[in-house]
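In short: position in the sequence shown from 1, add 2, done, that's my numbering.
Ideal Cβ positions, reconstructed from N, Cα and C, are used throughout, including at glycine.
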Amino acid sequence: MIKAFMVDLDGVVYKGEVIREGAVEFFDYLVTHNISYCVITNHSSFHRRYYSEKLNRMGINVPVERILSSPYEMALRTKELGYKRAYVIGRDGLIEELKEVGCSVSDDPDVVIVGYDEDYNFQKITKAIRAVLDGKPLWIVNPDRLLPKEDGFYPDSGSLGASIVYATAVQPVYFGKPNEHIFRRAFDLLGVKPEETVMIGDTLETDILGAKQVGARAVYISGVEKRGYNGVSPDYSFENLKEVLRNIEKIMEVDQG
Ligand SMILES: [Mg+2]
3 MIKAFMVDLD
13 GVVYKGEVIR
23 EGAVEFFDYL
33 VTHNISYCVI
43 TNHSSFHRRY
53 YSEKLNRMGI
63 NVPVERILSS
73 PYEMALRTKE
83 LGYKRAYVIG
93 RDGLIEELKE
103 VGCSVSDDPD
113 VVIVGYDEDY
123 NFQKITKAIR
133 AVLDGKPLWI
143 VNPDRLLPKE
153 DGFYPDSGSL
163 GASIVYATAV
173 QPVYFGKPNE
183 HIFRRAFDLL
193 GVKPEETVMI
203 GDTLETDILG
213 AKQVGARAVY
223 ISGVEKRGYN
233 GVSPDYSFEN
243 LKEVLRNIEK
253 IMEVDQG
């Protein structure tokens, strides 16, 4: 029995600053029918408050506690491992999440962290490489290659971390989807089993692959992603959340024939 939804943000709920069709109605439905949910984003730039405020402006009330992001997941992990200092290539929102759990930015770190950074440069990569060669673990906020924006693609965390991976020949730890640990956090937060949840996302390589790997049902929002990926098939494909809502009873059915 389906008890909860995990919803990707960019491309599903909104695209940039524009809300997508059916998004408000979809969240209203979940609340009205007492269906548990959380949103999950791989985006590495912002604190969770940013998403809560953005969604609120769009007429969707999602409290910070229902938002899982890869920077937040990473912050929780530093706390679990007792890491107090991180060398960070990344933006303020990522640093804020780390600081909130007691991990500060340092050139003498316990861990090297790489996220999307518009001020990425030679000095930063050099520092990161030296710390990793010195034995510090390398954490990459998400494995995403590209960050799509209104004016085109930008290199995302996976691509920015790639030079450090190459230079050091060290295996990094990737956070965010499709890796299992962010989904485990979601199941804990929602208090459900994987088979009781549905993931809705617009990226096959992260949202859909990750959901299928952990045993959740996967709904693909088609027509947003421009790149193909043949590694996985979703249980359903729809154009937007309006279509999802129209088929919600079918999606939530117990038996998948
Ligand atoms: Mg997306």
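Count the other CB atoms within 10 Å of the CB of residue i; is the residue buried (16 or more) or exposed (fewer)?
i: D10; result: buried
i: H49; result: buried
i: S159; result: buried
i: S71; result: buried
i: T34; result: exposed
i: N249; result: exposed
i: L192; result: buried
i: N232; result: exposed
i: E1; result: With the chain covering 3 to 259 only, the question about residue 1 has no answer from this structure.
i: G259; result: Confidence in G259 is poor, its pLDDT being 48 and thus under 50, which makes the residue's placement too unreliable to answer from.
i: P65; result: exposed
i: R51; result: exposed
i: E19; result: exposed
i: G104; result: exposed
i: Y39; result: buried
i: G24; result: buried
i: L83; result: exposed
i: E197; result: exposed
i: V246; result: buried
Per DSSP, which residues does residue i bridge with? Please list them.
i: I21; result: Y16
i: D237; result: According to DSSP, D237 bridges with nothing at all.
i: I142; result: V116, Y176
Kindly indicate the opening and closing residues of the alpha helix (DSSP H) around residue i.
i: P73; result: 72-83
i: R87; result: Unbroken run through R87 is the beta strand (DSSP E), 87-91; no alpha helix (DSSP H).
i: P190; result: Note that residue 190 corresponds to Asp in the displayed sequence, not to Pro. That run of the alpha helix (DSSP H) goes 182-192.
i: A133; result: 124-135
i: M254; result: 250-254
i: T43; result: Per DSSP, T43 belongs to no alpha helix (DSSP H); it is in the beta strand (DSSP E), 38-43.
i: L211; result: 211-216
i: I166; result: 159-170
i: G104; result: Looking at the DSSP string, G104 is not in any alpha helix (DSSP H), and its letter there is neither H nor E.
i: K56; result: 50-59
Quick one, which of the options has its alpha-carbon nearest residue i's?
i: K101; options: K81, Y118, D109, Y122; result: K81
i: F7; options: V194, I115, K151; result: V194
i: K126; options: K214, G92, Y238; result: G92
i: S239; options: L78, I210, F124, D94; result: I210
i: G203; options: R22, M3, V33; result: R22
i: G225; options: N242, S235, A213; result: N242
i: A171; options: K151, T199, A213, L140; result: L140
i: G95; options: Y53, R79, R59; result: Y53
i: F29; options: F177, S161, M60, V216; result: M60
i: A218; options: I166, Y118, M254; result: M254
i: P166; options: K86, K56, G154, I131; result: Looking at the sequence shown, residue 166 is not Pro but Ile. Of K86, K56, G154, I131, the residue nearest in Cα terms is I131.
i: F185; options: A164, L32, A25, Y74; result: Y74
i: K138; options: L206, T43, V113, I97; result: V113
i: V143; options: I4, N44, P196, M3; result: N44
i: V116; options: M76, V103, F155, G84; result: M76
i: L78; options: R187, Y16, V216; result: R187
i: T205; options: M3, I4, G13, K5; result: G13
i: N123; options: L148, V90, R147, V107; result: V90
i: A169; options: A133, P157, R147, P180; result: A133
i: G212; options: V41, N58, P174, N181; result: N181
i: S46; options: D119, D136, Q215, F155; result: D119
i: A220; options: E207, V200, V234, D136; result: V200
i: D190; options: I69, A164, N36, I62; result: I69
i: D146; options: I42, V246, V15, G178; result: G178
Grab the span of the beta strand (DSSP E) containing residue i for me, first residue to last.
i: G203; result: 199-203
i: K151; result: 148-151
i: V116; result: 113-116
i: R219; result: 219-223
i: D10; result: 6-10
Nearest-residue set for ligand 1, Cβ under 6 Å from any heavy atom: Going along the chain, the residues that qualify are D10, D12, G13, V14, G203, D204, T205.
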